[in-house]
RNA sequence: CGGGCCGUGGCGCAGCCUGGCUAGCGCGCUUGCUUGGGGUGCAAGAGGUCCCGGGUUCAAAUCCCGGCGGCCCGACCA
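In my numbering, the protein residues as written are 710 to 1292.
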């Protein structure tokens, strides 16, 4: 056994990393289709090529980077006792039908049929498969807890793939699943993941924040997302500059802002008035001279096939997520204009809660205690004044309002910020949803059959790379963190036809390999400018430039991020870089 | 699904409106020389189903119809 192969090597130090022999197709110009920076640089840097909408090939550099990322992920997962598996991406319909998600996933799921006409799908996530394994094998509380994970390709037929690798139809995900005997056990598994994720993202060199996330309509109790601030992102995070509060916009709460004007006092009854052509809140506000906060916004949604009237204050917006958890809906959508006409006998611009009987009426908490407001009259071109919740109609109250920037923090009252983010990880207490629908039970200490409680946890591998580029780039290209850059260091002889420089560069290259650096030798017969530009573009953290100073036995070590250069004796260049990276 | 834009050598584009020489430019690529500290310069080359199909026409990259593909915006905001 002289060749011991480590299961998960972190460094990939191959023998002959000569630029002239490698496939690194850099581009001078930005391909027209790329709009976000990470997409542009991944294409220009020769990391990726597009095959179709939301489908990318990962070339040599991207693959190296992704291997480094997954190596870190593996180490941190292994460190919490998680066991790596690999489940099939091709799934039979049955398990998805059992959990009920065959229908719920809708058009986001890639579906196919085999030669016998059986339904199959490509896995978007693996709760079903994991649960089906667990239920076949786990029998006793003594086998718990278990944490199982995989790093695998997921398929999602996105409505609109976009932004390079940020939203795609096929991507690599680390997904793990925990199985525990009780809620306290789940807490432990959850916290382990929380820690492991922090370590993983720290090691990947990302700046990120952990935010409270929406835990779904399915009874999940807790959820956090790991977010990297970026304009290329699609999620909004609410953050308080005053305290540590941070949450996904979907979930975030804030103190009710006071209405912009006091409600009229008095015991009035609703009274219709003519509002020709006044359809929007803004229209009405101008028409009546009253602020938007004096109105009730009436939204009609069809939830699990039934209409629901949701009311928020005129200047507030409905949070879809809060709505769906409030009414425990599996699926919902805004009502079509014809449905609104059928239900209310009026157009969307003139709807209100008074006299509505045939559906659930829910209202945001900010309407509780208000008096004599304005609402639609359910008659085209008419509205009602003097509408008082609790008297003129009886709603169920929930927190339904989406937080807006500037709202007061629930915790400390400071004005909240809204930040655009890329989601790189998500941890989630699932509860009993899958063990219940799919029958995963074990015997407890008392010999009773109990459901297993589950958690699920995901990391978007390509998103780590994309987010890092979004975070760390300049006009010359990427400036990747060393841990995830495809190489640690590039050795660049300025003039490759100069025999002394050439020899020295080769020596330094060997030195680097000896100290276990992931090194690339730019042995191309190119002008120095070309080599510098390319090295900067593909984002290698360190460059050792072998040039004129070689006459004095010196080479330059350049930091990609700061562009600062330091003269180092030729013999110490490799050690110097290794020391910098170790820092 | 709604709206907008686009499809011409590997990449970025012009040509299309107003149909007509051999389809052009820059970059990249090949060969030779040159240069050698931030995408050197010169010269000679290679490389094209103008997305696909149909139609109009003496003639289509160009006009018309139909497809396919890609990008962006929106899809609760009443």
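Built from N, CA and C at the ideal position, the CB exists for glycine as well.
Residue from the options whose Cα sits closest to the Cα of residue i
i	options	result
residue 1209	1264, 1144, 1270, 1197	1264
residue 1295	1140, 1143, 1153, 1134	Absent from the model: residue 1295. The displayed extent of the chain is 710 to 1292, so no value can be given.
residue 1054	1146, 1009, 1082	1009
residue 1108	1244, 1025, 995	1025
residue 746	998, 873, 773	873
residue 725	1207, 1171, 1219, 813	1219
residue 1176	1185, 1162, 1194	1194
residue 834	770, 1130, 1165	1165
residue 1111	817, 946, 1179, 1258	946
residue 1249	938, 1187, 1255	1187
residue 1157	757, 850, 846, 775	850
Environment of residue i [buried if 16+ CB atoms lie within 10 Å]
i	result
residue 1167	buried
residue 1277	buried
residue 1261	exposed
residue 868	exposed
residue 854	buried
residue 1037	exposed
residue 738	exposed
residue 863	buried
residue 993	buried
residue 987	buried
residue 971	exposed
residue 800	buried
residue 1075	buried
residue 981	exposed
Alpha-carbon to alpha-carbon, residue j and residue i
i	j	result
residue 902	residue 786	8 Å
residue 885	residue 802	21 Å
residue 934	residue 991	35 Å
residue 1226	residue 1291	11 Å
residue 1143	residue 808	6 Å
residue 766	residue 760	7 Å
residue 1281	residue 1252	14 Å
residue 837	residue 1078	45 Å
residue 1279	residue 1217	7 Å
residue 781	residue 913	8 Å
residue 1092	residue 1181	53 Å
residue 893	residue 880	33 Å
residue 1012	residue 1029	11 Å
residue 920	residue 857	24 Å
residue 768	residue 871	19 Å
residue 1287	residue 1197	9 Å
residue 812	residue 963	34 Å
residue 1283	residue 922	45 Å
residue 773	residue 1041	42 Å
residue 1199	residue 1289	14 Å
residue 823	residue 805	16 Å
Limits of the unbroken alpha helix (DSSP H) element including residue i
i	result
residue 1284	1282–1291
residue 805	802–808
residue 777	769–788
residue 842	836–846
residue 1237	1237–1247
residue 1032	1029–1036
residue 1206	Per DSSP, residue 1206 belongs to no alpha helix (DSSP H) and is neither H nor E.
residue 1145	1142–1147
residue 994	990–997
For residue i, the residue or residues it bridges with in DSSP
i	result
residue 1256	DSSP output for residue 1256 lists no bridge partner at all.
residue 1297	This structure gives no information on residue 1297, because the portion of the chain shown stretches from 710 to 1292.
residue 792	857
residue 1129	945
residue 983	1091
residue 1153	Residue 1153 pairs with nothing; no bridge assigned.
residue 1102	1098
residue 919	935
residue 951	DSSP, once it has assigned bridges, lists no residue as partnering residue 951.
residue 957	946
Residue i, enclosing beta strand (DSSP E) - first and last residue
i	result
residue 936	932–938
residue 880	879–889
residue 1163	1162–1169
residue 907	That residue, residue 907, is in no beta strand (DSSP E); its alpha helix (DSSP H) goes 892–912.
residue 1044	Here residue 1044 belongs to no beta strand (DSSP E), and DSSP marks it neither H nor E.
residue 1106	1105–1107
residue 759	757–761
residue 1005	1005–1012
Cβ-heavy atom distance, residue i to the ligand ZN, below 7 Å
i	result
residue 1056	Within the structure as shown, the ligand ZN is missing, as the structure has no ligands at all.
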